[in-house]
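The next block holds one structure in the form of structure tokens; read it before the comments.
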Amino acid sequence: KVSKKNPSKKKISPNNACRIGWCNDEEKLNICQAKRPIGTQITRIEFGSKKENNHTFYFDTLYQRILPFRLFQTKKFEPFTRFTLHDILIHLQIITYHNRDKTRTIRIPTPAGTTIITPLISQMIIRSYILEICDRELLKKKNINFFLDDLLMDKDFQNIEFNTKKVKPLLEDIQEIDCSLCNFSENEIIMCLDLSKMQVCLSTGKTDTESAVFDKGNYLFVMFLDYCNFMYNFKKNTLNVESNTYFLGKNYDFNNGNSGIPSFTGKGYIESAWTPRLQGQDYQRIMAKMANCCDEKEA
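Position one of the sequence shown corresponds to residue 902 (my numbering), numbered consecutively onward.
What follows is the structure in structure tokens.
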């Protein structure tokens, strides 16, 4: 049995200080896509079945309490330095496994191999946000380097209060997942931020250790899992490495504060749409790069 739920709550955050425009259902999301001009470039994170290195896997799990994704700044833009930002689109299907017997786990193929999925043992609330990053040091961080202190006033998954000196919330989505008699339930996260052809410049390029930085329009999509918070509090008090306190754990283990992983993504994507703005010096850089490639081939 599969129980499907529509998005439960969607609203503009009252703390928003720089709202540009938004849409928050699937029909409007399609309108956002249709508005993109010819030649639009898409930076896309894909969820669902895929094949890499002759290995097929199907799912990504919601394995920790904070799941951050940088938007736009995950790629190398050279030789371009000026851009028009069009929109951010997010459409994710979240599947949650239910069983009254918490020992009745299942195994699913994931990028990490085979992952154990444990039945939901209490209500889980997924709070998703599109944030604009304002802090200079935070701008440089990659996905794996974000901590609660970077974004929130307190390390509290139940009462989200952003540090507005560092980030500004633009869009919010809340999914409430209750225990169910069905084996699986489905929830959808649908978010769209129309950036109204925002013009930005590349301040610093992407490196092996840092994200690219624009002069404005630096965005982050983040999901917070409000789930079995007493287990999170236990880990905070017993573990020395903060990043380890975020993990839900591979199996249910009350003594070690592990709830297990009850949810995974069935399909979906996170998209950032942009186009380069070319000026005379941009053409010169492109031609110089093409000339260098030709010289290397001839050599």
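C-beta atoms are modelled at their ideal positions from N, C-alpha and C, and glycine is treated no differently.
For Gly1014 and Thr1166, what's the separation of their Cα atoms in angstroms? 15 Å
Please name the residue, chosen from Asn1141, Thr1146, Phe1125 and Leu1121, that lies closest to Tyr1133 on a Cα-to-Cα basis. Thr1146
Is it the case that the Cβ atoms of Pro1020 and Phe960 are separated by a distance below 8 Å? no
Determine contact between the stretch 1069–1083 and the stretch 1148–1155, defined as no fewer than three beta-carbon pairs at a distance below 8 Å. no
Beta-carbon spacing of His987, Leu1096 below 8 Å: yes
Any idea what DSSP makes of Gln934, helix, strand or coil? helix
Can you confirm whether the stretch 1050–1062 touches the stretch 1118–1130 when touching is taken to mean that 3 or more C-beta pairs between the two stretches lie within less than 8 Å? yes
Using only the alpha-carbon positions, how far apart do Gln934 and Phe973 sit? 16 Å
Can you tell me whether His999 is buried or exposed? The criterion is at least 16 other CB atoms within 10 Å of its CB, across all chains shown. buried
Near Pro969, which residues of its chain fall below 7 Å by C-beta distance, leaving aside the five closest residues on each side in sequence? Asn1044, Phe1047, Leu1121 and Val1123
In whole angstroms, what is the alpha-carbon distance linking Phe1115 and Cys1083? 46 Å
State the beta-bridge partners of Asn1138 as determined by DSSP. In DSSP, Asn1138 forms no bridge with anything.
Entirely enclosed beta strand (DSSP E) segments - the stretch 1147–1181, minimum 3 residues: 1164–1177
Can the beta-carbon of Lys1069 be found less than 8 Å from the beta-carbon of Leu1032? yes
Name, in chain order, the residues that DSSP records as bridge partners for Arg945. Glu1172
Contact set for Lys1098: own chain, Cβ-Cβ below 8 Å, skip 5 residues either direction: Thr985, Leu986 and His987
Reference Lys1117; option with closest CA among Thr1108, Asp1109 and Gln1100: Gln1100
Give the straight-line distance between the Cα atoms of Ser1081 and Gly1161, rounded to the nearest whole angstrom. 17 Å
When we look at the beta-carbon of Phe948 and count the other beta-carbons within 10 Å, is it buried (16 or more) or exposed? buried
For Ser1112, I'd like the list of residues in its chain whose CB is within less than 8 Å of its CB, leaving aside the five on either flank, ordered along the chain. Arg971, Gln974, Thr975, Leu1040, Lys1041, Lys1042 and Lys1043
Are Leu993 and Cys1093 touching if we call contact CB-CB under 8 Å? no
Cutoff 6 Å; reference Ala1174; Cβ partners in own chain excluding five residues on either side: Arg937, Thr941, Ile943, His987 and Asp988
Host beta strand (DSSP E) of Arg966 (start-end): That residue, Arg966, is in no beta strand (DSSP E); it is neither H nor E in DSSP.
Checking the sheet assignment: what are the DSSP bridge partners for Ile1027? Gln1076 and Leu1126
Just tell me which of Asn1138, Phe1125 and Ser1164 has its CA closest to the CA of Arg966. Phe1125
Cβ neighbours of Ser1164 in the same chain (closer than 6 Å, five flanking residues each side left out): Leu963, Ile995 and Thr997
Starting from the Cα of Leu1179, find the closest Cα among Leu930, Phe981 and Lys929 and give me that residue. Phe981
Out of Gly1106, Phe958 and Ile1171, state which residue places its alpha-carbon closest to the alpha-carbon of Glu1008. Before going further, note that residue 1008 is Arg rather than Glu in the sequence given. Of Gly1106, Phe958 and Ile1171, the residue nearest in Cα terms is Phe958.
Phe1131 by DSSP, collapsed to three states: which one? helix
Endpoints, beta strand (DSSP E) assigned at Arg1001: That residue, Arg1001, is in no beta strand (DSSP E); it is neither H nor E in DSSP.
Thr1006 to Thr1016, Cα distance in whole Å? 10 Å
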